[in-house]
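Report on one structure; see the data block that follows.
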Amino acid sequence: MSANGNGGFYAPLKQILSDSESEDDKLENAMHIKATDSCNNLDFNSGLQSSKNYSISDMDEFNTNVNTVESTMDNVSFLQSDISTKMTFPRRCAFIASILMCIFTVVIFLWGIPCSEVGSCAANEWQDKTTSWELPYNEMELSGAVQVVDGAIPNTKNLIFIYRGNHMRLEPKTSSENVNGVVLIVGNSGKVGWFTRESRIPTDINCHLLDVNRDKQKDCIVSGTEGLLAALDSVSGTYYWHIHKQGKDLSKIVALDFPVMVKDMNDDKVNDLLTVATVYPNANHNSLLMISGATGMIMAEPIPLMIVCL
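Under UniProt numbering, the sequence shown has 277 at position 277, and the numbering climbs by one with no breaks.
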């Protein structure tokens, strides 16, 4: 405190430190005491000012050094923490594998799965897009079961029907104006691909029964009124044969049932056909006919079936 009225000698008093004071407070008090002891022989004004400047500058430098050390320790701890958590080789491999698996899954769902169905991938030269269609067929009655067959172009389907024309026309018919036969409708457009003409009326057709020429493509068997039985190509509409015996058509066959397929009986590697017919002059529908599937020729005389009534 002040020693006289003109000014007193100031010196920090020693204080007893409590347990609650920090280490920084202890160090600051020690620096004040040291500065006071070293300046006792100096002039009053200059000594006081020097003591104050020395103490404040030393404390600022000390606090700066302490903060720098603490900051450096924090940075070192942070860097050491990064190094200690570095990814191991097995974990790195698993991480890369998971990324590749995600990419592989995306590729499969975008380009792999959609192409598993026909027509879902980009069209090539053998594929044609199918669209809905509706077309009228004038003076033509489509009948019988619809036959779905393979087209000439791979991966395409066509429809085959038996048809009847307009029999109510007043104009007289000529031999070239037969209005019965078989017609093929192109599956993706509805247009007529080919048609045949018959003087007799077709009543039944099956295009999944027999391979006449052994080209691994099923051909169509057609039956109808007045003993009509023929085989034709399902792709081109060309007839392979009409039922005959030794090169001549059988006009004596009045009616016949649609045939069933039996195993090859004449060793020509084509299955044969068996049917029941009415053969003139027998009026009964009980004659059994064995027909070659490759040529349409009757292989034996009609066999009459005995009907036993109980």
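Note that beta-carbon positions come from the ideal geometry of N, C-alpha and C, so glycine has one too.
{"query": "For N206 and E198, the rounded distance between their alpha carbons", "result": "17 Å"}
{"query": "Distance between beta carbons of G144 and I162, contact taken as under 8 Å", "result": "4 Å"}
{"query": "Chain-order list of residues whose beta-carbon lies under 8 Å from that of V276 (same chain, five-residue window excluded)", "result": "L256, D257, H285, N286, S287, L288, L289, L305"}
{"query": "Unbroken beta strand (DSSP E) run spanning V262, endpoints", "result": "260-262"}
{"query": "R164 - DSSP class collapsed to helix/strand/coil", "result": "strand"}
{"query": "Complete runs of the beta strand (DSSP E) confined to the UniProt domain \"FAM234A/B beta-propeller\" (182-300) [at least 3 residues]", "result": "192-195, 202-210, 219-224, 228-232, 239-242, 253-256, 260-262, 272-279, 287-291"}
{"query": "Best match in D268, A300, P281, C220 for proximity to residue 331 [C-alpha to C-alpha]", "result": "Look at the range of the chain in this structure, 1 to 310, and you will see that residue 331 is not part of it."}
{"query": "Alpha-carbon to alpha-carbon, V182 and A231", "result": "11 Å"}
{"query": "Local Cβ density within 10 Å of L100, reported as buried at 16 or more and exposed below that", "result": "exposed"}
{"query": "Assigned secondary structure, A94 (DSSP; H/G/I helix, E/B strand, else coil)", "result": "helix"}
{"query": "First through last residue of the beta strand (DSSP E) which encompasses V179", "result": "Unbroken run through V179: none, as it is neither H nor E."}
{"query": "Beta-carbon proximity of D204 to V212, cut-off 7 Å", "result": "no"}
{"query": "Assigned secondary structure, L159 (DSSP; H/G/I helix, E/B strand, else coil)", "result": "strand"}
{"query": "Nearest neighbour of E301, chosen from N158, H244, A97 [CA to CA]", "result": "H244"}
{"query": "Residue burial classification, V107 (beta-carbon count within 10 angstroms, cutoff 16)", "result": "exposed"}
{"query": "Spatial neighbours of V260 in its chain, beta-carbon cut-off 6 Å, leaving aside the 5 residues before and after", "result": "L274"}
{"query": "Beta-bridge pairing of I103 - partner residues as DSSP gives them", "result": "Paired residues: none, contrary to the question."}
{"query": "Coil, strand or helix - G144 by DSSP", "result": "strand"}
{"query": "Check: G227 C-beta below 6 Å from any heavy atom of the ligand SAM", "result": "Ligands are entirely absent from the displayed structure, and the ligand SAM is therefore not among its contents."}
{"query": "Proximity of T238 and I201 at Cβ, strictly below 7 Å", "result": "no"}
{"query": "For I153, three-class secondary structure by DSSP", "result": "coil"}
{"query": "Buried/exposed call for G296, threshold 16 Cβ in 10 Å", "result": "buried"}
{"query": "Rounded separation between L110 and Y240 - CA only", "result": "48 Å"}
{"query": "Outcome for N158 when other beta-carbon atoms lying within 10 angstroms are tallied against a minimum of 16", "result": "buried"}
{"query": "Sequence-distant residues of the same chain with beta carbon closer than 7 Å to H208, five excluded per side", "result": "K218"}
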